[in-house]
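Per my numbering, residue 1 is the first one in the sequence shown, and the count goes up by one each step.
Just so you know, even glycine gets a beta-carbon here, dropped at the ideal spot from N, CA and C.
In this text, all values refer to a predicted model and were calculated from it rather than measured experimentally.
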Amino acid sequence: MLNKNTSVFILQGEELYSTIKQVFSEYLNTNTLNPETSDKKHIELLTTEQLADRLKVTIQTVHRWRKKNRISYIKIGKSYRYDYAIVIHELKNKKGGKK
Numbered sequence: 001m002l003n004k005n006t007s008v009f010i011l012q013g014e015e016l017y018s019t020i021k022q023v024f025s026e027y028l029n030t031n032t033l034n035p036e037t038s039d040k041k042h043i044e045l046l047t048t049e050q051l052a053d054r055l056k057v058t059i060q061t062v063h064r065w066r067k068k069n070r071i072s073y074i075k076i077g078k079s080y081r082y083d084y085a086i087v088i089h090e091l092k093n094k095k096g097g098k099k
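1. For His63, I'd like the list of residues in its chain whose CB is within less than 8 Å of its CB, leaving aside the five on either flank, ordered along the chain.
2. Who are the near neighbours of Asn69 in its chain, counting only those whose CB is closer than 8 Å to its CB and skipping five residues on each side?
3. Whose C-alpha, out of Gln60, Leu55, Glu14 and Val8, is nearest the C-alpha of Lys92?
4. Give the DSSP-derived three-state secondary structure of Ile88 in the structure shown.
5. Anyone know if the C-beta pair for Ile86 and Phe24 falls short of 8 Å?
6. Closer than 6 Å by C-beta to Tyr82: which residues in its own chain qualify, once you throw out the five before and the five after it? Chain order, please.
7. Around the Cβ of Ile71, are there at least 16 other Cβ atoms within 10 angstroms (buried) or fewer (exposed)?
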C-alpha cells in the first residue's frame, strides 16, 4: 500500500543494476559485515558462473552453498549475484561445517 510519501521509480536494464549495486554498496559501508571489506569502495558482484570459476568449484556447489545459506547473495529478478570478498570471508569462517 502506498502513502503520500512513497515514491515509485521504474528502472530497467543497466540503470536497475547500477542502482541496486549502489544501494548494496551503501548498505555495506554503513552496516559492516566484515572488517576486511569495510574500507574497500569497489564492490564486485559476480554471477553464479563467475563465482564458481573463481573458486574453482562447480556451479552446483555454489547453488548448494546458497541454498544452505553458507554464502551471502543478492537476488535480482531471477538471477543471483555474489560479493566475492564477502563470500571468501564467509567460506573461511564457516569451513568445516556447522559449529
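Let me spell this out:
1. Thr48
2. Closer than 8 Å at Cβ, skipping near neighbours: no residue.
3. Leu55
4. helix
5. Not a contact, by the Cβ cut-off of 8 Å.
6. Take Tyr82, set aside five residues on each side of it, and the residues of its chain with a beta-carbon closer than 6 Å to its own are Leu46, Leu51 and Tyr73, in chain order.
7. buried
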